[in-house]
Structure formats: C-alpha cells, structure tokens
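Trainee: One rule links them: number in my numbering = place in the sequence shown (from 1) + 44. Don't be surprised by glycine CBs; every beta carbon is placed ideally from N, CA and C. Quick caveat: nothing in here was measured; it's all calculated off a predicted structure. Dropping a structure here in structure tokens format, bear with me for questions.
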Amino acid sequence: MKELAPEVLIQSIEDCLAGKSVLATEITGGVMRMMRGNEGGAASSEGIRALSPQEHRVLELVAEGRTNKEIGESLSLSGNTVKNYLANVFDKLKVRRRSQAAALFIQSAQDEQKWHG
45 MKELAPEVLI QSIEDCLAGK SVLATEITGG VMRMMRGNEG GAASSEGIRA
95 LSPQEHRVLE LVAEGRTNKE IGESLSLSGN TVKNYLANVF DKLKVRRRSQ
145 AAALFIQSAQ DEQKWHG
C-alpha cells in the first residue's frame with residue numbers, strides 16, 4: 045500500500061523472505077467486508093468446519109500465499125488434485141476467488157484465537 049511507512053515495508057519484505065504470510069489489516073478488513081456483502085456467503089466458522097482435513101491444509105497454504113504448484117509440492121499432490129480440492133473449498137465456503145477463501149480462513153483463525161485465548 046502506498047501509505048506504508050518504510051520500516052513497515054522493510055519488515056513485510058523480511059517476513060515474505062522468511063516464508064510468512066503478509067496481508068495488511070486494511071486489505072483483510074476490506075476483503076471481509078466484501079465477503080459479508082456477497083449474497084449466499086457462508087459464515088466463515090461454519091464453512092471452515094465443513095472442510096475435510098486435506099481441504100483445510102490446502103486452504104491454509106492458500107492463505108499463506110502459496111501457488112497451486114507449491115501446494116502440490118508441499119502436500120505431494122498433483123496440480124489437478126490441488127485444483128479439485130480448491131474447487132471443493134470454494135463450493136463449501138460459497139466463494140469464487142482464492143482471496144475470498146484465504147480471507148475467510150484468516151478470519152476464522154482470528155476468531156478461534158479470540159475464543160481460545
């Protein structure tokens with residue numbers, strides 16, 4: 045984002061290089077507002093709970109910013125299998141985009157932390 049302070053940008057780059065996910069709070073909030081405005085969108089906790097363990101692992105890697113190829117390599121899956129898992133994830137979460145699914149995953153994780161300390 046244009047208004048990032050230089051030190052925040054540097055920290056974000058260092059986090060990316062360390063393999064961490066970097067998603068600005070403003071962006072996450074905007075995506076979540078967009079998701080809530082989508083007709084038929086599933087509540088994040090319900091949709092996330094409906095995922096199989098493997099779908100959950102795939103979505104977690106999507107939320108980390110991994111590509112399908114990287115997800116496949118990490119989980120020893122073919123590219124087509126990753127695509128199939130993502131299609132199931134999108135269907136269960138009632139979303140159409142990776143960014144929407146990732147935002148729901150992140151929101152669900154934040155909600156879990158609130159409930160479990």
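Between 120, 119 and 145, which has its C-alpha nearest residue 131's C-alpha?
Mentor: Locating residue 131 in the sequence shown gives position 87, where the first residue counts as 1. Checking every option, the nearest Cα to that of residue 131 belongs to 145.
Trainee: In angstroms with no decimal places, state the Cα-to-Cα distance between residue 120 and residue 127.
Mentor: Counting from one through the sequence shown, the residue named residue 120 turns up at place 76. Counting from one through the sequence shown, the residue named residue 127 turns up at place 83. Distance between the alpha carbons of residue 120 and residue 127 is about 13 Å.
Trainee: What does a CB cutoff of less than 6 Å around residue 149 pick up in its chain, not counting 5 residues either side in sequence?
Mentor: Locating residue 149 in the sequence shown gives position 105, counting from the first residue. Correct list, in chain order: 103 and 107.
Trainee: Quick check on DSSP: helix, strand or coil for residue 127?
Mentor: Along the sequence shown, one-based indexing puts residue 127 at 83. Here residue 127 sits in helix by DSSP.
Trainee: Measuring CB to CB, does residue 136 end up less than 9 Å from residue 94?
Mentor: Taking the first residue of the sequence shown as 1, we reach residue 136 at position 92. Taking the first residue of the sequence shown as 1, we reach residue 94 at position 50. Yes, the pair counts as a contact, with Cβ atoms nearer than the cut-off.
Trainee: What's the gap between the Cα of residue 8 and the Cα of residue 61?
Mentor: It is not possible to answer for residue 8, since the shown part of the chain is limited to 45 through 161.
Trainee: Which word fits residue 129, buried or exposed, when buried means at least 16 other C-beta atoms lie within 10 angstroms of its C-beta?
Mentor: As a first step, residue 129 is located in the sequence shown; it is residue number 85 there, counting from the start. When all chains shown are included, residue 129 counts as buried.
Trainee: Should residue 53 be labelled buried (16 or more other beta-carbon atoms within 10 Å of its own) or exposed?
Mentor: Along the sequence shown, one-based indexing puts residue 53 at 9. Classification of residue 53: exposed, given that the 10 Å Cβ count is below 16.
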